[in-house]
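So for the sequence shown, numbering that gives the first Met the number 0 puts the first residue at 0; every next one is plus one.
C-beta atoms are modelled at their ideal positions from N, C-alpha and C, and glycine is treated no differently.
Predicted model, so just to flag it, every value in this text is computed and none were measured.
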Amino acid sequence: MTFTQTDKLKAFAIVKTFETSHPAGDYAACIVLNDGAGISYGISQFTHRSGSLRAVVDQYLASGATVGAEVMNGRRSDLSDTSGRSISKLSGDSEFRRALRAAAATDEMRAAQMAVNDTLYFKPAIAACERMGFTQPLSLAVIFDSVVHGSFYRVARGVAAARSDEKAWITAYVRRRDGWLASYPRLKATRYRMRFFLGQIAISNWGLAFPLDVQGVRITAKSLGYVEAVKSATASPAKPSTIEAAEPTTSIVEGYDRIESAVSTAFTRADAAKSLWTTVFGTVWQTFWAVAAFLAGLPREIWVISAVIAGILMFGYLYRQIELGRIRERAATGSTQI
């Protein structure tokens, strides 16, 4: 048995709601992730580090599209380089992000994103289901989500249930993946994906009957019809020829990007702030001891020694804060990638 078009659209709508809060996906979504993956763009969060963003840009430029093409073409070498230095450089390139958002209003970019999504994620998910003999729509949604989010095979290797029992295997896999996500600080926030699937398993909704409530978004047969229309559309209401003409359609995303950037910066500065206040407190403490000892008429040697001891303690605590900050930074940008 092969999956019907409706089965595929249900899986697509669920995962795109996870990714962009829109069942049809958000082609203009463009933010900078705080996990070292760099720019995340479009309906499947195509990222610089994974190479999928480069694939989208290549596909778009190959179509002969013009909106933002000059800017994107000038960044292709940087996109091919997935080193931390290159990722950081492009993440701060506002002109490049602006070109991506502008291009999202064109047929060519939408087609490019859909093509890369199908090649890298959707077709491999369907192939995995067929290889394991899975036929339930919920199974397709689970595997498609994991292929998009990352590390499907890594988690799947540890599932002990027999594949011959599809429902038992999928249930065991979802539980295992939920635990795996929980084990990484930077992935904990994405456990809502597995919680949704566990909820559907609990009510035996293997066919994904409507309505489906996904992260506050209700997916119905009507909304699925809209998803299909978006996926198969061959023309857009407007087809701007310049970045400036397309800019109004992306102003909301620009605002979100600024907010996201500010929040990320606030978190990354937390340890620096602690260290700063440690230094300030230590300096005040040293001064207090020195003045107190002087006013008390104690010998110079005693109040100097007291100040030195206070200084040593302050620098010890400062070093501790710096090391803790480095440990947390390594944990947040560890080798496990999504």
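Practice problem: Could you pull out every residue in the same chain whose Cβ sits closer than 6 Å to the Cβ of Val146, ignoring the five residues on either side in sequence? | Solution: The residue given as residue 146 occupies position 147 in the sequence shown. The residues Tyr120, Pro123, Ala124, in chain order, have a CB closer than 6 Å to that of Val146 in the same chain once the five nearest residues on each side in sequence are set aside.
Quiz item: How should Val173 be labelled, buried or exposed, when 16 other C-beta atoms within 10 angstroms of its C-beta is the threshold for buried?
Solution: For the purposes of this step, residue 173 is identified with residue 174 of the sequence shown, where counting begins at 1. So Val173 ends up on the buried side.
Self-check item: Beta bridge counterpart(s) of Cys29 as assigned by DSSP
Solution: Within the sequence shown, the letter at position 30 stands for residue 29. Residue pairing of Cys29 in beta bridges, as defined by DSSP: Tyr40.
Quiz prompt | Neighbourhood of Asp57 by C-beta distance below 8 Å, restricted to the same chain and skipping five residues each side | solution = If you number the sequence shown from 1, residue 57 lands on position 58. So the list reads Arg75, once near-sequence residues are dropped.
Quiz item: Name the DSSP beta bridge partners of Thr46, please?
Solution: Here residue 46 refers to the residue found at position 47 when the sequence shown is read from its first residue. Per DSSP, Ser39.
Quiz item: Is the stretch 3-13 in contact with the stretch 203-223, if contact means three or more CB pairs nearer than 8 Å?
Solution: Short answer: they touch.
Quiz item: Do the CB positions of Val66 and Phe95 come within less than 7 Å of each other?
Solution: Translated into positions along the sequence shown, residue 66 becomes position 67. Translated into positions along the sequence shown, residue 95 becomes position 96. Not in contact: Val66 and Phe95 (Cβ atoms no closer than 7 Å).
Self-check item: Alpha-carbon spacing of Leu78 relative to Glu18, whole angstroms
Solution: Mapped onto the sequence shown, residue 78 falls at position 79. Mapped onto the sequence shown, residue 18 falls at position 19. Straight-line Cα distance between these residues: approximately 22 Å.
Exercise. Output the distance between the C-alpha atoms of Gln4 and Gly50, rounded to the nearest integer angstrom.
Key: As a working note, residue 4 is residue 5 in the sequence shown. As a working note, residue 50 is residue 51 in the sequence shown. Spanning the two alpha carbons is a distance of roughly 28 Å.
Self-check item: Beta-carbon proximity check, Ala23 vs Val226, cutoff 7 Å
Solution: Indexing the sequence shown from 1 puts residue 23 at position 24. Indexing the sequence shown from 1 puts residue 226 at position 227. Closer than 7 Å, so yes.
Exercise. Assuming Ser43 and Asn116 form a contact by the criterion Cβ under 8 Å, report the distance between their Cβ atoms to the nearest whole angstrom.
Key: Along the sequence shown, read from residue 1 onward, the residue named residue 43 stands at position 44. Along the sequence shown, read from residue 1 onward, the residue named residue 116 stands at position 117. Yes, Ser43 and Asn116 are in contact; Cβ-Cβ is about 5 Å, under 8 Å.
Quiz prompt | Rounded Cβ spacing between Asn111 and Ser62 (contact assumed at less than 8 Å) | solution = Here residue 111 refers to the residue found at position 112 when the sequence shown is read from its first residue. Here residue 62 refers to the residue found at position 63 when the sequence shown is read from its first residue. For the record, residue 111 in the displayed sequence is Ala; it is not Asn. Contact between Ala111 and Ser62 holds, with the beta-carbon distance rounding to 7 Å and staying under 8 Å.
Quiz item: Between the stretch 157-164 and the stretch 26-36, are three or more C-beta pairs nearer than 8 Å?
Solution: With the cut-off at 8 Å, the stretch 157-164 and the stretch 26-36 do not touch.
Quiz item: Hey, would you say Val154 sits closer than 7 Å to Arg175, going by beta carbons?
Solution: The residue you call residue 154 lines up with position 155 of the sequence shown. The residue you call residue 175 lines up with position 176 of the sequence shown. When the beta-carbon positions are compared, Val154 and Arg175 come within less than 7 Å of each other.
Quiz item: What are the boundary residues of the alpha helix (DSSP H) that includes Arg96?
Solution: Residue numbering aside, residue 96 sits at position 97 when the sequence shown is read from its first letter. Unbroken alpha helix (DSSP H) run through Arg96: 93-102.
Self-check item: Limits of the unbroken alpha helix (DSSP H) element including Asp117
Solution: Within the sequence shown, residue 117 is the residue found at index 118, counting from 1. Boundaries for Asp117: no alpha helix (DSSP H) harbours it, and the DSSP string shows neither H nor E there.
Practice problem: Report the partner residues of Val216 according to the DSSP bridge assignment. | Solution: Indexing the sequence shown from 1 puts residue 216 at position 217. BP columns for Val216 point to Val213.
Exercise. Count the CB pairs spanning the stretch 190-199 and the stretch 136-151 that are closer than 8 Å, and state whether there are at least three.
Key: As far as the Cβ criterion goes, the stretch 190-199 touches the stretch 136-151, which means the pair count is three or higher.
Practice problem: Check each candidate in Gly132, Leu180, Ala295, Leu294 and name the one with the smallest Cα separation from Phe151. | Solution: Position 152 of the sequence shown, counting from 1, holds the residue named residue 151. Nearest option by C-alpha distance: Leu180.
Quiz item: Relative to the C-alpha of Gly91, which residue among His148, Gly149, Val31 is closest?
Solution: Along the sequence shown, one-based indexing puts residue 91 at 92. Nearest to Gly91 by C-alpha distance, out of His148, Gly149, Val31, is Val31.
Quiz item: Around the C-beta of Asp256, are 16 or more other C-beta atoms found within 10 angstroms, so that it is buried, or is it exposed?
Solution: One-based indexing of the sequence shown puts residue 256 at position 257. Confidence in Asp256 is poor, its pLDDT being 39 and thus under 50, which makes the residue's placement too unreliable to answer from.
Quiz item: So, is Thr102 buried or exposed, given that buried needs 16 or more other C-beta atoms within 10 angstroms?
Solution: Sequence index remark: in the sequence shown, residue 102 carries index 103 (1-based). It should be noted that the sequence gives Ala, not Thr, for residue 102. Around the beta carbon of Ala102, 16 or more other beta carbons sit within 10 angstroms, so the residue counts as buried.
Self-check item: Residue interval of the alpha helix (DSSP H) (run including Ser51)
Solution: The residue labelled residue 51 in the question sits at position 52 within the sequence shown. Ser51: member of the alpha helix (DSSP H) spanning 51-61, first to last residue.
Practice problem: Note the first and the last residue of the continuous alpha helix (DSSP H) segment covering Val146. | Solution: One-based indexing of the sequence shown puts residue 146 at position 147. If you look at Val146, you'll find it in the alpha helix (DSSP H) that goes 136-148.
Quiz item: Quick one, are the C-beta atoms of Glu107 and Ala54 less than 7 Å apart?
Solution: In the sequence shown, the residue the question calls residue 107 occupies position 108. In the sequence shown, the residue the question calls residue 54 occupies position 55. Going by C-beta atoms, Glu107 is not nearer than 7 Å to Ala54.
Exercise. Would you tell me roughly how many angstroms separate the C-alpha atoms of Val158 and Ala140, rounded to the nearest one?
Key: The residue given as residue 158 occupies position 159 in the sequence shown. The residue given as residue 140 occupies position 141 in the sequence shown. C-alpha separation (whole angstroms): 18 Å.
Quiz item: Can you give the Cα-Cα distance for Ser82 and Gly132, rounded to whole angstroms?
Solution: Taking the first residue of the sequence shown as 1, we reach residue 82 at position 83. Taking the first residue of the sequence shown as 1, we reach residue 132 at position 133. Cα-Cα distance, rounded: 39 Å.
Self-check item: Three-state class that DSSP yields for Val158 in the structure shown
Solution: Within the sequence shown, residue 158 is the residue found at index 159, counting from 1. Collapsing the DSSP output to three states places Val158 in coil.
Self-check item: Short Cβ contact (7 Å threshold) for Ile169 with Ser138
Solution: Against the sequence shown, residue 169 aligns to sequence position 170. Against the sequence shown, residue 138 aligns to sequence position 139. Cβ atoms of Ile169 and Ser138: closer than 7 Å.
Quiz item: Helix or strand or just coil, what does DSSP make of Leu186?
Solution: By one-based count along the sequence shown, residue 186 stands at place 187. In the structure shown, Leu186 adopts coil according to DSSP, grouped into three states.
Quiz item: So what's Phe133 in DSSP terms, helix, strand or just coil?
Solution: To locate residue 133, count along the sequence shown from 1; it is residue 134. Three-state DSSP puts Phe133 in coil, outside helix and strand.
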